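In what follows, a single structure is set out as structure tokens and then discussed.
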Amino acid sequence: MCARTNNMTRAEGHMSFATFKKAVDEFVALNPGYARSQEVWLHGFGESLVHPEFAKFMRYAIDQGVNAGLSINPLMLTRKVASDLLDAGPGHLYVALDGHDDASFEKIRGVPNAYHKSKKRLLKFLAEKERRGVRTKITLSMIDFPGNRQSIEEVEDFWNAQPGIDHFVAKPFVSWDGKAQDVNQLAPRHVAAPEPANRKVLCDFPWEKMTVSWDGDLVPCCFDYNKRYALGNINEQSLLEIWNGEKMHALRREMIANKVTNPLCAGCEYLYQDVVP
1 MCARTNNMTR AEGHMSFATF KKAVDEFVAL NPGYARSQEV WLHGFGESLV
51 HPEFAKFMRY AIDQGVNAGL SINPLMLTRK VASDLLDAGP GHLYVALDGH
101 DDASFEKIRG VPNAYHKSKK RLLKFLAEKE RRGVRTKITL SMIDFPGNRQ
151 SIEEVEDFWN AQPGIDHFVA KPFVSWDGKA QDVNQLAPRH VAAPEPANRK
201 VLCDFPWEKM TVSWDGDLVP CCFDYNKRYA LGNINEQSLL EIWNGEKMHA
251 LRREMIANKV TNPLCAGCEY LYQDVVP
């Protein structure tokens, strides 16, 4: 289900604090009001909780006025990680728990014997969150696709009854850039992007956001798991220079002209949708 498992071929690593600090400081300086009012997600194509200093990073962002959010794998919620996460106090945690048993979870996430362990750790985390009175918002998500559909209502009822869960969402299937074929085989069918002549480009990502990779590279879209459209590197340029750079302008021109030909976006089924999951 996640393109990172079998489709991502780029290098992996841990972001340095210097890179993170530069990104946060420049972002907040450019738009402090946005940083406070809009959720800023401190993850990309990796599990932030495996970073040895994740709590330090999150606390720094929050101290600078960032409304920090994080998508997490509940299997990572060991006692220490859970405690550090609650101490840091993010504004929003998006918890991905797909499937309804070990078999369905393995089919989606590729990890055997993990569903019940993940569920147990999440329940302990929620109990500790309630005990401490931590006000972090918790959204629990489950992928809506044929292998899960028969159990969604039962799973939703269970989690909505748990103290500490604010919202349950049956998340639509994501085909990423349309090229992660082993992921898309799990979908009932893969819907190819319509021809530009028939529909208007509605994607607003190039005007709304960027994603910073662990090594400082920036991409215009959170679906770009292989950095196929790298805009620049924050260790070499400022955020503003990259945001206003030629590569970003070229992408915007394609969108405005309704003639998207770059290899990242050309096959994306969300290019012509006004809501991107």
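Positions 1 to 277 (the numbering used here) are the ones given, in order, by the sequence shown. Note that beta-carbon positions come from the ideal geometry of N, C-alpha and C, so glycine has one too. This structure is a prediction, so every number in the text was calculated from the model and none was measured.
Item: For residue 103 and residue 89, the rounded distance between their alpha carbons; Value: 33 Å
Item: Beta-carbon contacts of residue 122 that lie in its chain and below 7 Å, excluding the five residues immediately before and after; Value: 74, 77, 95 and 97
Item: Where residue 94 falls: helix, strand or coil (DSSP); Value: strand
Item: Cβ pair count under 8 Å reaching 3, the stretch 242-251 against the stretch 35-49; Value: no
Item: Inter-residue CB distance, residue 93 and residue 136 (contact presumed, cutoff 8 Å); Value: 6 Å
Item: contact_flag[the stretch 58-66, the stretch 17-30] where n(CB pairs < 8 Å) is 3 or more; Value: yes
Item: Where residue 167 sits in the DSSP three-state scheme; Value: strand
Item: Enclosing beta strand (DSSP E) for residue 71 [first to last residue]; Value: 68-72
Item: Residue 247: first and last residue of the uninterrupted alpha helix (DSSP H) it sits in; Value: 246-257
Item: Euclidean distance between Cα positions of residue 43 and residue 35; Value: 16 Å
Item: N- and C-terminal bounds of the beta strand (DSSP E) containing residue 143; Value: 137-144
Item: Where the beta strand (DSSP E) containing residue 218 begins and where it ends; Value: 217-219
Item: Bridge-paired residues (DSSP) for residue 40; Value: 68
Item: Cα-Cα separation, residue 112 to residue 106; Value: 5 Å
Item: Nonlocal neighbours in the same chain, by C-beta distance under 7 Å from residue 20, ignoring five residues either side; Value: 57
Item: Proximity of residue 164 and residue 138 at Cβ, strictly below 8 Å; Value: yes
Item: Bridge partner(s) assigned by DSSP for residue 233; Value: 217
Item: Closest Cα partner of residue 228 within the set 235, 236, 159 and 219; Value: 219
Item: Exposed unless 16 or more other CB atoms sit within 10 angstroms - verdict on residue 204; Value: exposed
Item: Proximity winner among 161, 131 and 199, relative to residue 257 (alpha-carbon distances); Value: 199
Item: Span of the alpha helix (DSSP H) around residue 84; Value: 79-88
Item: Proximity to residue 140 [Cα-Cα], best of 152, 131 and 132; Value: 152
Item: Reduced DSSP category for residue 212 - H, G, I as helix; E, B as strand; rest coil; Value: strand
Item: Supposed contact pair residue 144 and residue 170 - C-beta distance, whole angstroms, cut 8 Å; Value: 4 Å
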